[in-house]
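Participant: Submitted below is the structure of interest, expressed as structure tokens.
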Amino acid sequence: MEYLTKSAIAATEIAPSSGPSAELFSAGEKGSTAVLAPSLALRGQAGSRGAPDEGAAQAPAFVIVGEGAGDAAAREALLDRAMGPKRKKKSSEKLRRGRRPSEGLAFVARDASGIVVGTVRLWDVMLGEGGPAALLLGPLAVEPGLKSGGIGSALMRHAVAEAARLGHGAILLVGDAPYYERFGFSAGRTGALAMPGPYERHRLLALELKDGALDVARGTIKAAGRKIKGQAPDFVA
0 MEYLTKSAIA
10 ATEIAPSSGP
20 SAELFSAGEK
30 GSTAVLAPSL
40 ALRGQAGSRG
50 APDEGAAQAP
60 AFVIVGEGAG
70 DAAAREALLD
80 RAMGPKRKKK
90 SSEKLRRGRR
100 PSEGLAFVAR
110 DASGIVVGTV
120 RLWDVMLGEG
130 GPAALLLGPL
140 AVEPGLKSGG
150 IGSALMRHAV
160 AEAARLGHGA
170 ILLVGDAPYY
180 ERFGFSAGRT
190 GALAMPGPYE
200 RHRLLALELK
210 DGALDVARGT
220 IKAAGRKIKG
230 QAPDFVA
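In terms of numbering that gives the first Met the number 0, the sequence shown opens at residue 0 and continues consecutively.
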């Protein structure tokens, strides 16, 4: 597996550096042709059982870019293959439905032919009534046949690094701790929080990007993202 970044200026592929990148381009609602991935999005690690990076086989070269307006159909088809038809019944879907992803925080991984082989999005939420703002990560999905190549890990590291760069204080998600703890997530700061629907409490995880961001977080997590006007097809929540 080879993970490459892509310059939005020169449109040439380069290897990620060992230090912070000097050029970072965030993806807006209209999408960008490419996003230069920060150095945290390095080669993926093998994941836990059932996780996006299960096993240790090698995946083909891929690049992480900002999600574009033309990616909706490919992204939804990938999510259906990776997560099944019941994915839209999850409690986290209530926080995404009818909303746009947080600005600059929707990414896809493409293989050498440009096919979407991975996706991750982050959403604006509020932690309790009048509580602090945060992000909800998900879904994170990888093409089932490539789950062992580190694409999920690279997407996670890129998403976390971009969220931190954009000044967000914390990220929450619902997932398996053995997989997500490698990125700093744990259930240690979510005991006073709840999802708006059925969920397993031990799977509600959080990562503070700023110290103390979750100190006063309590109550039910609420959607706070930009609404989709007329359910525009470019971004299906």
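Ideal Cβ positions, reconstructed from N, Cα and C, are used throughout, including at glycine. Just so we're clear, the structure is a prediction, and the values are computed from it rather than from any experiment.
(1) Could you check whether THR219 and ALA193 sit closer than 9 Å to each other, using their CB atoms as the reference points?
(2) Between which two residues does the beta strand (DSSP E) containing VAL116 stretch?
(3) Cα separation between VAL124 and PHE184?
(4) When DSSP labels each residue in this structure, what does ARG225 get in the three-state scheme?
(5) Strictly by DSSP, which residues pair up with VAL64?
(6) Please report the straight-line C-alpha distance between VAL34 and GLY65, rounded to a whole angstrom.
(7) Rounded to a whole number of angstroms, what is the C-alpha to C-alpha distance between ARG188 and GLU161?
(8) Should LEU77 and GLY117 be called a contact, given that it needs their Cβ atoms to be closer than 9 Å?
(9) Closest to ALA133 by CA distance: which of PRO143, SER90, GLY97, LEU165 is it?
(10) Hey, how far is the Cα of VAL107 from the Cα of PRO138?
(11) In the DSSP assignment, find the unbroken alpha helix (DSSP H) run with ALA81 in it and report its ends.
(12) Kindly provide the ranges of any beta strand (DSSP E) runs that are 3 or more residues long and lie completely inside the stretch 132-219, ordered along the chain.
(13) Could you check the C-alpha separation between ILE150 and ARG120 for me, to the nearest Å?
(14) Report the partner residues of ARG98 according to the DSSP bridge assignment.
(15) State the DSSP-derived secondary structure class of ALA14, mapped to helix, strand or coil.
Facilitator: If we stick to the structure as given:
(1) For this step, residue 193 is matched to residue 194 along the sequence shown. For this step, residue 219 is matched to residue 220 along the sequence shown. A contact, by the Cβ cut-off of 9 Å.
(2) Along the sequence shown, one-based indexing puts residue 116 at 117. From DSSP, the beta strand (DSSP E) with VAL116 extends over 115-126.
(3) The residue you call residue 124 lines up with position 125 of the sequence shown. The residue you call residue 184 lines up with position 185 of the sequence shown. Answer to the nearest angstrom: the Cα atoms are 17 Å apart.
(4) Position 226 of the sequence shown, counting from 1, holds the residue named residue 225. Coil, per DSSP.
(5) Walking along the sequence shown from the start, residue 64 turns up at place 65. Answer by DSSP bridge pairing, in chain order: VAL107.
(6) By 1-based counting over the sequence shown, the position of residue 34 is 35. By 1-based counting over the sequence shown, the position of residue 65 is 66. Low per-residue confidence applies at VAL34: pLDDT is 36, beneath 50, and the placement is therefore not dependable, though the value from the model is reported in the following sentence. About 6 Å.
(7) As a position in the sequence shown, residue 188 is number 189, starting the count at 1. As a position in the sequence shown, residue 161 is number 162, starting the count at 1. Those two C-alpha atoms are separated by around 22 Å.
(8) Residue 77 sits at position 78 when you count from the first residue of the sequence shown. Residue 117 sits at position 118 when you count from the first residue of the sequence shown. Contact: yes.
(9) Here residue 133 is taken as the residue at index 134 of the sequence shown, counted from 1. Nearest C-alpha to ALA133: LEU165.
(10) For the purposes of this step, residue 107 is taken as the residue at position 108 of the sequence shown. For the purposes of this step, residue 138 is taken as the residue at position 139 of the sequence shown. One C-alpha to the other measures close to 11 Å.
(11) As a first step, residue 81 is located in the sequence shown; it is residue number 82 there, counting from the start. Residues 71-82.
(12) 132-136, 169-173, 203-207
(13) Against the sequence shown, residue 150 aligns to sequence position 151. Against the sequence shown, residue 120 aligns to sequence position 121. Roughly 14 Å separates the two Cα atoms.
(14) Residue 98 sits at position 99 when you count from the first residue of the sequence shown. LYS226, per the DSSP bridge assignment.
(15) Taking the first residue of the sequence shown as position 1, residue 14 is located at position 15. Note that ALA14 scores a pLDDT of 26, beneath 50, so its modelled location is shaky; the value from the coordinates is reported in the next line. Coil.
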